[in-house]
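Just so we're aligned, residue 1 is where the sequence shown starts under full-length UniProt numbering, counting upward by one. Note that beta-carbon positions come from the ideal geometry of N, C-alpha and C, so glycine has one too.
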Amino acid sequence: MMRYINTGEFDSEVLNQRGVVIVDFYATWCGPCKMLTPVLESIDNEMENIKVVKVDIDESRRLAMNYGIQSVPTIKIFKDGREVVTRVGFQPKETLENIIQMIM
């Protein structure tokens, strides 16, 4: 199940996890972010061993700054706690699935 996390949860939910974690840096006022949410929910429900979390950049500003988030949505994919892929803007489901398959 997709979770909404904040700065205090980031290490335990992303950096200390084994496997693939998709982090969606988003804002509640962002139209493309709203379009991306059902795509990520679908991936989260359909792909095994994938964890999806969302980080609100307005609530977790320091975290967003630490990861160089300059526009939303920004998706960062981590594998075994290391950042391996970054994509900015809306991403179709097929694109994300292909990226995930390549890094698994």
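- Around the beta carbon of Y26, 16 or more other beta carbons lie within 10 angstroms, which makes this residue buried.
- DSSP places F10 inside the alpha helix (DSSP H), whose first and last residues are 7-10.
- Beta-bridge partners assigned by DSSP to R3: V53.
- Note: K76 is bridge-paired with V23, T86 in the DSSP secondary-structure output.
- Taking 8 Å as the cut-off, the Cβ atoms of V23 and V55 count as close.
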